[in-house]
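Please read the structure below before turning to the comments.
Residue numbers (the numbering used here), protein chains in the order written: chain V, 1 to 201; chain E, 1 to 149.
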């Protein structure tokens, strides 16, 4: 629990005059906290409330009277609409594309393989976790990144840096809008992509 | 409207992050002593980053009327710092663990508070990577920075 270290800090001090500086183990203070679950706090999914249906009906009547543009769109929300793609789906696809880009670059430049392979594996691990979170099975065939890696190692690294930077920015944006229970994973992915940029320096 | 559970407490998560910042600042004392040259400069910069976040958190929590956890005079280090190698090892650990506290704060925060937490998570993860490179640790990255293992 995140609060534990705080409690411990306050708890250690008996009444007597301390003879030595009280030491709290750094390990305890810096123990990895466990995120407070907030899954029960989510706003309930928008349901098909009676009021909503009435409003839709009212709008439909209004639209039908006003113009021909009132199609079935107005009722679209009330029907079993096709499931919207998960907001994290682009992040998953990007992780797979990045993994392939690094793997291809490592194959094309064996000198760089030691540096690039762990990053490719990290992107695959991200894809796996995102797939689990979204509730899909990650595609077995990885998408081909646009274009084969350059024969020039410097150009290859520059290309990877550019992809990674875009990926980091996308993950940062996704983290900002993610629901509480998803934010830590997406945040770690954003941070990982930032460390990949550092590793490519 | 009935709220069944207590509302999520961003202040609690931020207070935990503050406690981690205190410990990190403390740890960089013995770390810096064992380093020289560029590594020592990096340690000083890292410590300054932790101090900046500590100061911001103290201000933020007290302005919000939340409890500001106290700093301690000392913190027991997880292992003795006797040389450059152990100093670098601790530096990696300090950054990873403070990153973990900020990562946990992501779930408890929204808006600017979450941006702040993500910024810290990224900053410390990158610093941990730099320390690994200085220490010669390979690979220099971890797949999920700040995630409890």
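Cβ atoms here follow ideal geometry from the backbone N, Cα and C, with glycine treated the same way. Small disclaimer: the values here were computed from a predicted structure and weren't measured.
Item: Considering only C-alpha positions, which residue in the set 118(E), 136(E) and 57(E) is nearest to residue 192(V)?; Value: 118(E)
Item: What separation, rounded to the nearest whole angstrom, lies between the Cα atoms of residue 47(E) and residue 201(V)?; Value: 23 Å
Item: With H, G and I counted as helix, E and B as strand and the rest as coil, what does DSSP make of residue 167(V)?; Value: helix
Item: Which one of 64(E), 149(E) and 122(E) has the shortest CA to CA distance from residue 169(V)?; Value: 122(E)
Item: With a threshold of 8 Å between beta carbons, is residue 134(V) in contact with chain E?; Value: no
Item: Are the beta-carbon atoms of residue 108(E) and residue 9(E) separated by less than 8 Å?; Value: yes
Item: Which residues bound the beta strand (DSSP E) around residue 74(E)?; Value: 74–76
Item: For residue 167(V), which residues in the same chain have their Cβ closer than 7 Å to its Cβ, ignoring the five residues on either side in sequence?; Value: 94, 98 and 193
Item: Rounded C-beta distance between residue 124(E) and residue 95(E)? I'm assuming under 8 Å.; Value: 5 Å
Item: Taking one C-beta from the segment 138–146 of chain E and one from the segment 82–92 of chain E each time, how about it: are there three or more such pairs within less than 8 Å?; Value: no
Item: Using the Cα positions of residue 136(V) and residue 128(V), report the straight-line distance between them to the nearest angstrom.; Value: 9 Å
Item: Please check if any C-beta of chain V sits within less than 8 Å of the C-beta of residue 134(E).; Value: no
Item: To the nearest angstrom, report how far apart residue 131(V) and residue 125(V) are at their CA atoms.; Value: 10 Å
Item: If the cut-off is 7 Å on Cβ atoms, which residues from the segment 26–43 of chain E count as contacting chain V, listed in chain order?; Value: 27
Item: Entirely within the segment 27–94 of chain E and at least 4 residues each: give me those alpha helix (DSSP H) ranges in chain order.; Value: 37–63
Item: Whose C-alpha, out of 89(V), 138(V), 122(V) and 109(V), is nearest the C-alpha of residue 197(V)?; Value: 122(V)
Item: Once the 5 residues before and after residue 164(V) are set aside, which same chain residues still bring their CB inside 6 Å of it?; Value: 193, 196 and 197
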